[in-house]
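Scroll down for the structure; my scribbles are underneath it.
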Amino acid sequence: IEAQVIPGPTTAETIVLHAEPAGPIELKFTYSAQWLGSDIEFADRHPDSVFELDYHIQWINVITSMLVALLVTAVMVFVVFRALRKDCREYQILEEEADDLDQGWKRLHADVFRFPPYKSIFSAVVGTGVQMMLILLGMLTLAVLGVFSPYGKGVTYATMVGLYILSAVVSGFVSGNIYRSMGGTMWINNALVVAALFTLPVFVIWAFLNTVAVMYASTAALPFGTIVALFSLYIFFTFPLTLTGALLGRRSASEFDAPTRTKFAPREIPTVQWYLRPTFHIIIAGLLPFMTVVIEFFYIFESMWTHHTSIPFGMLYLTFAAMLVTVICCSVSFTYAQLSNENHRWWWFSLLSGGSAAGYIHLYSLYYVTHLSSMKGFLQLSFFLGYTSLFTYAIFLMLGSVGYFASLMFVRQIYKSLK
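Numbering of the sequence shown is given in this note's numbering, commencing with residue 31 and proceeding in unit increments.
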């Protein structure tokens with residue numbers, strides 16, 4: 031039997047045998063390739079992709095993301111800042127002794143800069159989030175400049191590993207500096223937390239997935255030489271750079287710049303309605319940032335887990351910028367809402383509200399793998415869920431640090447006005 035099948039990009043062909051076989055039939059499938067010359071440079075060649083038909087959809091998504099970011103920014107400026115201006119004007123009328131006449135966030139001036147619990151973990155999360163931000167910005171910048179090719183994913187992976195190693199000193203520095211400014215003394219333990227905060231989950235998930243790949247005799251399993259090389263890079267470069275950064279951050283840290291004094295006894299947090307509680311605000315804080323990138327993440331997953339080429343990085347850069355603006359505005363707005371409800375525990379709240387968009391992205395990845403993809407089998411599903419979990423975890427760390435720094439600048443500024 032000889033069958034000539036010429037499938038298209040999305041065509042499935044079926045061969046039907048009408049003769050009843052007398053026994054087992056051996057079918058031999060062969061293919062032939064014809065190479066044609068091209069005047070297009072190799073760096074400019076891109077395979078046909080369904081994404082080429084969806085450029086207008088992606089541009090609409092980029093424009094929508096920018097409009098959402100502008101809308102959220104306008105709401106924060108005209109609502110939050112207007113309320114702040116009114117509160118500051120009222121506070122200037124009150125006497126210093128009339129603390130009982132103050133309301134809302136003004137009553138927290140002696141508690142708002144009380145350091146959060148688990149300072150070592152908090153500073154490590156912020157430091158690692160800054161590292162993730164630098165890696166993403168570096169990868170996007172190099173991609174926009176045309177450094178990466180859709181045919182050379184090895185270069186992309188090597189660059190990512192290199193950026194992670196080099197940026198380890200930044201994560202150690204930021205974490206050590208914040209931890210020391212909060213009065214922390216066990217800087218070595220803090221450095222160890224930074225070194226393990228992202229690397230340990232990566233190692234656990236990779237070890238499991240590599241074991242699964244070996245069991246299925248898959249080429250996705252890393253060879254022994256590559257494993258030894260990666261461990262050597264971490265032991266001899268990443269870990270020492272993290273310790274060096276933590277030491278430099280500790281030595282350069284100064285006393286925390288708080289515009290108001292902190293009392294010894296913390297103020298009791300009043301009970302509020304369910305829709306004003308921190309948990310509910312954290313959940314809804316990530317909804318708007320997620321809406322700015324939900325369409326782009328479909329193309330990101332398609333480029334990561336199918337044979338389609340990657341999406342235009344310029345569009346991804348603009349969408350990423352819109353998401354950051356939205357995260358900043360949402361974190362500041364909900365932090366102000368918590369302070370207005372006389373809740374002075376804003377440190378962890380700002381970090382969690384900023385990173386909560388990662389939870390929606392992870393839920394969307396589950397929807398993608400169950401409804402929008404054709405993945406099946408334990409090997410495919412375990413790889414998708416494992417590496418996507420690491421991806422969303424990195425996004426959580428990155429957006430959480432953005433939310434914290436934005437809220438810190440906001441809180442400092444409004445309480446400086448009370449002097």
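Beta carbons are placed, not taken as given, at the ideal position from N, Cα and C, and that holds for glycine.
{"Check": "May I have a chain-ordered list of the alpha helix (DSSP H) segments no shorter than 4 residues that lie completely inside the segment 232-295?", "Outcome": "254-263, 269-282"}
{"Check": "Return the CA-CA distance between Tyr394 and Ser431, expressed in angstroms with no decimal places.", "Outcome": "22 Å"}
{"Check": "Quick check on Tyr305: does DSSP put it in helix, strand or coil?", "Outcome": "helix"}
{"Check": "What's the C-alpha gap between Leu318 and Tyr366?", "Outcome": "17 Å"}
{"Check": "Less than 9 Å between the C-beta atoms of Val174 and Phe294, yes or no?", "Outcome": "no"}
{"Check": "How is the alpha helix (DSSP H) around Lys446 delimited, first residue to last?", "Outcome": "408-446"}
{"Check": "Among Ala351, Ser383, Glu372, which has the Cα closest to the Cα of Ser363?", "Outcome": "Ser383"}
{"Check": "Ignoring anything shorter than 4 residues, give me the alpha helix (DSSP H) runs that lie fully in the segment 204-228, in order along the chain.", "Outcome": "217-227"}
{"Check": "Please name the residue in Trp335, Ile325, Met334, Glu372 whose C-alpha comes closest to that of Phe452.", "Outcome": "As displayed, the chain neither begins before 31 nor continues past 449, which places residue 452 out of reach and without an answer."}
{"Check": "Does the distance from the CB of Tyr398 to the CB of Phe327 come in under 9 Å?", "Outcome": "yes"}
{"Check": "Given Ser284, which residues of its chain have a CB within under 8 Å of its CB, disregarding the five upstream and five downstream residues?", "Outcome": "Ser211"}
{"Check": "Is the distance from the Cβ of Val156 to the Cβ of Leu306 below 9 Å?", "Outcome": "no"}
{"Check": "Quick one: using the 10 Å Cβ neighbour count with 16 as the cut-off for buried, is Arg291 buried or exposed?", "Outcome": "exposed"}
{"Check": "How should Ser262 be labelled, buried or exposed, when 16 other C-beta atoms within 10 angstroms of its C-beta is the threshold for buried?", "Outcome": "exposed"}
{"Check": "Over the uninterrupted alpha helix (DSSP H) stretch that includes Leu23, give me the two end residues.", "Outcome": "The displayed coordinates of the chain run from 31 to 449. Any statement about residue 23 would go beyond what the structure contains."}
{"Check": "Whole-angstrom Cβ separation of Leu271 and Gly206, contact assumed at under 8 Å?", "Outcome": "Going by Cβ atoms, the distance from Leu271 to Gly206 rounds to 12 Å, so no, they are not a contact pair."}
{"Check": "For Lys446, I'd like the list of residues in its chain whose CB is within less than 7 Å of its CB, leaving aside the five on either flank, ordered along the chain.", "Outcome": "Pro289"}
{"Check": "I believe Ile235 touches Gly407 by the beta-carbon criterion, under 8 Å. Please report the beta-carbon distance rounded to the nearest angstrom.", "Outcome": "About 18 Å separates the two Cβ atoms, so there is no contact after all."}
{"Check": "Between Leu438 and Gly134, is the Cβ-Cβ spacing less than 9 Å?", "Outcome": "no"}
{"Check": "Leu83: buried (16+ other C-beta within 10 angstroms of its C-beta) or exposed?", "Outcome": "Low confidence applies here, because Leu83 scores a pLDDT of 46, under 50, leaving its location unreliable; read the following figure in that light. It is exposed - the Cβ of Leu83 has fewer than 16 other Cβ atoms within 10 Å."}
{"Check": "Starting from the C-beta of Thr422, find all residues in its chain whose C-beta is less than 8 Å away, skip the five residues before and the five after it, and write them out in chain order.", "Outcome": "Ala388, Gly389, Ile391, His392, Ser395"}
{"Check": "Spatial neighbours of Ser153 within its chain, please: C-beta separation below 6 Å, excluding the five flanking residues on both sides.", "Outcome": "Ser205, Ile208, Tyr209"}
{"Check": "Using a 10 Å radius around the Cβ and a threshold of 16 neighbouring Cβ atoms, would you call Gln64 buried or exposed?", "Outcome": "exposed"}
{"Check": "In chain order, what residues of the same chain lie with their CB nearer than 6 Å to the CB of Ala352, ignoring the 5 residues before and after it?", "Outcome": "Ser95, Met96, Ala99, Thr322"}
{"Check": "Note down, in chain order, each residue of its chain lying with its Cβ closer than 8 Å to the Cβ of Leu170, except the 5 sequence neighbours on either side.", "Outcome": "Phe343, Leu346, Tyr347, Phe350"}
{"Check": "Would you kindly check if the distance between the Cβ of Ala250 and the Cβ of Ala259 is under 9 Å?", "Outcome": "no"}
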